[in-house]
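Q: Before I ask anything, let me first share the structure, which is written out below as structure tokens.
Numbering (our numbering), first residue to last: 744 to 946.
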């Protein structure tokens, strides 16, 4: 005779797999964090003299912005690429489909606040409020994680809350935007990814 408790646990597991996207890999978070820290190091090198008010013969802020945007774009591509690779690998190992109705809902709910935040960052740059770009990125990224958290692992919600709080702090201490950006997109991702890998993926 089957154990009722075990049967209920199996039913619950089946319901979770059908309603939540559970193939996110902790390694995706770790690599995204590493790429973010590398990008932050490049951005620091580009803006170091500008923040000190020296280097008049070098790059101006208006000249630095396109390079910073390119830096951010490279980080985004690398993070997305590693995320797709590790998520697909985990799904194959667990016998799950990566692209289904649940993953589509997850991506849509993630993308809407993220795209809105990206557009708002361009407006901030257009109106000369570059100092608020880092806080805005953190806040909207956190909101996108919160919005998508109902379709994936619960831990995403706590990462989202942490990103929003860090974004608000970055807004208060606006001159330290790159540091807070590094903490949010770099350190938090690495910590989150390591915890998720240890909890769900480690053999």
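Beta carbons are placed, not taken as given, at the ideal position from N, Cα and C, and that holds for glycine.
Please state if the CB of residue 884 and the CB of residue 857 are separated by a distance shorter than 8 Å.
A: Along the chain shown, read from residue 1 onward, the residue named residue 857 stands at position 114. Along the chain shown, read from residue 1 onward, the residue named residue 884 stands at position 141. The answer is yes: Cβ separation under 8 Å.
Q: What's the call for residue 806, buried or exposed, on a 16-neighbour Cβ count within 10 Å?
A: Translated into the one-based positions of the chain shown, residue 806 becomes position 63. Flag for residue 806 reads exposed.
Q: By Cβ distance below 6 Å, which residues in the same chain neighbour residue 943 in space, the five residues on each side in sequence not counted?
A: Taking the chain shown and counting its residues from 1, one reaches residue 943 at position 200. If we look at residue 943 and ignore the five residues flanking it on each side, it has no Cβ neighbours.
Q: Taking just the CA atoms, how far does residue 897 sit from residue 849?
A: Locating residue 849 in the chain shown gives position 106, counting from the first residue. Locating residue 897 in the chain shown gives position 154, counting from the first residue. If I take the Cα positions, the gap works out to 13 Å.
Q: Under three-state DSSP, which class holds residue 790?
A: As a working mapping, residue 790 is identified with position 47 in the chain shown. Three-state result, residue 790: helix.
Q: Looking only at its chain, what residues have a beta carbon closer than 8 Å to the beta carbon of residue 744, apart from the 5 residues adjacent to it on each side?
A: Within the chain shown, numbered from 1, the residue matching residue 744 stands at position 1. Any answer about residue 744 is weak, because its pLDDT of 49 lies below 50 and its placement is not dependable; what the coordinates show is given next. Correct list: empty, nothing qualifies.
Q: To the nearest angstrom, how far is it from the Cα of residue 869 to the Cα of residue 804?
A: As a working note, residue 869 is residue 126 in the chain shown. As a working note, residue 804 is residue 61 in the chain shown. For residue 869 and residue 804, the distance between alpha carbons rounds to 13 Å.
Q: Taking only runs that begin and end inside the segment 802-836, name each unbroken alpha helix (DSSP H) of 4 or more residues, in chain order.
A: For the segment 802-836, not a single whole alpha helix (DSSP H) run of length 4 or above is found.
Q: Ignoring anything shorter than 4 residues, give me the alpha helix (DSSP H) runs that lie fully in the segment 831-870, in order along the chain.
A: Complete alpha helix (DSSP H) runs here, min 4: 844-869.
Q: Is the distance from the Cβ of residue 941 to the Cβ of residue 776 below 8 Å?
A: As a working mapping, residue 941 is identified with position 198 in the chain shown. As a working mapping, residue 776 is identified with position 33 in the chain shown. No, the pair does not count as a contact, with Cβ atoms beyond the cut-off.
Q: Considering just the uninterrupted stretch of the alpha helix (DSSP H) at residue 924, what are its terminal residues?
A: Here residue 924 refers to the residue found at position 181 when the chain shown is read from its first residue. 920-924 is the extent of the alpha helix (DSSP H) around residue 924.
Q: Quick test of your reading: residue 783 and residue 929, contact by CB under 8 Å. State the CB separation rounded to the nearest angstrom.
A: Walking along the chain shown from the start, residue 783 turns up at place 40. Walking along the chain shown from the start, residue 929 turns up at place 186. Residue 783 to residue 929, Cβ: 6 Å. Contact.
Q: Mind checking which residues open and close the alpha helix (DSSP H) that includes residue 934?
A: Numbered from 1 along the chain shown, position 191 holds the residue referred to as residue 934. From DSSP, the alpha helix (DSSP H) with residue 934 extends over 931-939.
Q: Would DSSP call residue 916 helix, strand or coil?
A: Here the question's residue 916 lines up with position 173 in the chain shown. The answer is coil: DSSP assigns residue 916 none of H, G, I, E or B.
Q: By how many angstroms is the C-alpha of residue 871 removed from the C-alpha of residue 833?
A: Start at 1 with the first residue of the chain shown, and residue 833 comes out as number 90. Start at 1 with the first residue of the chain shown, and residue 871 comes out as number 128. In a straight line, the C-alpha of residue 833 is about 43 Å away from that of residue 871.
Q: I need the DSSP call for residue 945, collapsed to helix, strand or coil.
A: Sequence index remark: in the chain shown, residue 945 carries index 202 (1-based). If DSSP states are grouped into helix, strand and coil, residue 945 belongs with coil.
Q: Let me make sure I understand the geometry here. Which of 876, 935, 819, 945 has the alpha-carbon closest to that of residue 918?
A: Position 175 of the chain shown, counting from 1, holds the residue named residue 918. Comparing Cα positions, the closest option is 876.
Q: Measuring alpha carbon to alpha carbon, tell me which residue in 866, 914, 771 is nearest residue 831.
A: Taking the chain shown and counting its residues from 1, the one referred to as residue 831 is at position 88. For the residues 866, 914, 771, the minimum Cα distance to residue 831 belongs to 771.
Q: Could you check whether residue 881 and residue 924 sit closer than 8 Å to each other, using their CB atoms as the reference points?
A: On the chain shown, position 181 is the one that residue 924 refers to. On the chain shown, position 138 is the one that residue 881 refers to. The answer is yes: Cβ separation under 8 Å.
Q: Can you tell me whether DSSP reads residue 873 as helix, strand or coil?
A: Your numbering for residue 873 matches position 130 in the chain shown. Helix.
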